[in-house]
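Single-structure report; data block below.
There are 2 protein chains.
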Amino acid sequence: MNLDTAINKMKSKGYKHTKQRERILEIFSRQDQYIAAKTILKEIQKDFPGVSFDTVYRNLYLLADEEILESTDLDGEKHFRFHCDTHGHHHHFICTDCGKTKAVEFCPMEKIESSLSGYAIDNHKFEIYGKCPQCQT
Amino acid sequence: MNLDTAINKMKSKGYKHTKQRERILEIFSRQDQYIAAKTILKEIQKDFPGVSFDTVYRNLYLLADEEILESTDLDGEKHFRFHCDTHGHHHHFICTDCGKTKAVEFCPMEKIESSLSGYAIDNHKFEIYGKCPQCQT
DNA sequence: AGATTAATCGTAATCATTATCATTTAAAGA
DNA sequence: TCTTTAAATGATAATGATTACGATTAATCT
Ligand SMILES: [Mn+2]
Ligand SMILES: [Mn+2]
Ligand SMILES: [Zn+2]
Ligand SMILES: [Zn+2]
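So the sequences go chain by chain: A and B.
Residue 193 in my numbering sits at position 95 of the first sequence; the count goes up by one each step and never skips.
Residue 134 in my numbering sits at position 36 of the second sequence; the count goes up by one each step and never skips.
Encoded structure:
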């Protein structure tokens, strides 16, 4: 997923193209990390000083619904990142200092499904937290 | 971990025994599920109508620090449960309806450590969400 | 250009959590 | 048992993130 693909996807879904929305997408493109909603808000405010909370939050959730972004909860705050679709289903190491992520190409679900017969599995979360090589003292 | 063990552990650490604290522990004992902080607050208020938010939250975090409770973020709210130490390190299926959990005796970390050389791993989260057998239509 | 309707703005409200400080009380010692 | 004292609590305010909503603006269509 890149910026143009995301913009086209939104257009094809019938959403209007706005400069605020484009700026949000632009921030996420080429960033391989989760970003807190309020961080995005601050960033957008540099270009659009009067931007509404509502605009930012509504768009983040909309973009997540449309699978252009993916989200996770970190420290009680919603974080978002560009949706990973270059490789298959995978998980992430997340650096607790800089926020950068590294893909982990292993999903534990197949190993445990047999132990959950009778349970209807909707989704799962597997995240590894720590310091990336650049953030270690 | 049971109620008496938890109470004794707190006493041995030098913490005072208060009825509020005992009530909190009592709620968690014998519950095999994560409970939201505010749910605990409401429950405590039945016995202690004037209980302070602070008392509840402070105790939950203290008990988690002392590893009498364990915690996780669900829907942007902190949830707590009695610490599982009857079996080894494990993970949980969590029912999104009733909150009950089922232990999953598999930890994916050993499978992926080799792919994260150079990364300092601090902790990890593996949770499976869905409906338990009792909560399916 | 004008109409239509989504999107945004401005602002207030909500919800969970955290902070502060005066008061109370559990626990240890005389 | 009485006194001491430090921990714990209560009352309340503050914070921080998120959500809500009516009025206004602006993107797209004809
Ligand atoms: Mn990825
Ligand atoms: Mn368990
Ligand atoms: Zn997976
Ligand atoms: Zn594990």
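We put the CB at the ideal spot given by N, CA and C, even for glycine.
Please find out if some non-hydrogen atom of ligand 3 comes closer than 8 Å to the beta-carbon of residue i.
i, result
"Met207 of chain A", "yes"
For ligand 4, any of its heavy atoms closer than 8 Å to the Cβ of residue i?
i, result
"His177 of chain A", "no"
"Phe224 of chain B", "yes"
Just to check, is the beta-carbon of residue i closer than 8 Å to a non-hydrogen atom of ligand 2?
i, result
"Ala201 of chain B", "yes"
"His185 of chain B", "yes"
Taking the alpha carbon of residue i as the point to measure from, which residue in the options has its own alpha carbon closest?
i, options, result
"Leu101 of chain A", "A:Ser127, A:Asn221, A:Thr153 and A:His190", "A:Ser127"
"Ile125 of chain B", "B:His188, B:Leu160, B:Phe224 and B:Leu167", "B:Leu167"
"Arg179 of chain B", "B:Cys205, B:Asp173, B:Gly197 and B:Pro206", "B:Gly197"
"His222 of chain B", "B:Val149, B:Glu208, B:Asp152 and B:Tyr159", "B:Glu208"
"Ala218 of chain B", "A:Asn106, A:Cys205 and A:Cys233", "A:Cys233"
"Thr103 of chain B", "B:Asp183, B:Glu211 and B:Leu214", "B:Asp183"
"Tyr227 of chain A", "A:Phe151, A:His185 and A:Asp173", "A:Asp173"
Grab me the residues of residue i's own chain with a C-beta within less than 8 Å of its C-beta, minus the 5 sequence neighbours each way, in chain order.
i, result
"Phe146 of chain A", "Lys117, Gln118 and Arg121"
"Cys230 of chain B", "Phe191, Cys193, Asp195, Cys196, Lys198 and Lys200"
"Gln143 of chain A", "Val149"
Could you tell me the alpha carbon to alpha carbon distance between residue i and residue j, rounded to whole angstroms?
i, j, result
"Tyr132 of chain B", "Asp195 of chain A", "28 Å"
"His115 of chain A", "Lys109 of chain A", "7 Å"
"Asp220 of chain B", "Gly112 of chain A", "44 Å"
"Gly216 of chain A", "Gln129 of chain B", "21 Å"
"Ala135 of chain B", "Tyr155 of chain B", "7 Å"
"Cys205 of chain A", "Leu160 of chain A", "27 Å"
"Leu139 of chain B", "Asn106 of chain B", "23 Å"
"Ile210 of chain A", "Ser213 of chain B", "21 Å"
"Asp171 of chain B", "Leu158 of chain B", "14 Å"
"Met99 of chain A", "Leu123 of chain A", "11 Å"
"Thr153 of chain B", "His185 of chain A", "47 Å"
"Thr137 of chain B", "Thr235 of chain A", "41 Å"
Following a CB-centred definition, is residue i positioned closer than 8 Å to any heavy atom of ligand 1?
i, result
"Cys182 of chain A", "yes"
"His190 of chain A", "yes"
Excluding the 5 residues preceding and the 5 following residue i in the sequence, name in chain order all residues of the same chain whose CB lies nearer than 6 Å to its CB.
i, result
"His189 of chain A", "Val202 and Phe224"
"Glu141 of chain B", "Ile125"
Only counting the same chain, and skipping five residues up and downstream in sequence, which positions put a Cβ closer than 7 Å to that of residue i?
i, result
"Ser169 of chain B", "Ala162, Lys176, His177 and Phe178"
"Glu165 of chain A", "His181"
"His187 of chain B", "Cys205"
"Phe151 of chain B", "Leu139"
Between residue i and ligand 6, is there a pair consisting of the residue's CB and a ligand heavy atom that are separated by less than 8 Å?
i, result
"Asn157 of chain A", "Ligands displayed in this structure: ligand 1, ligand 2, ligand 3 and ligand 4; ligand 6 is not among them."
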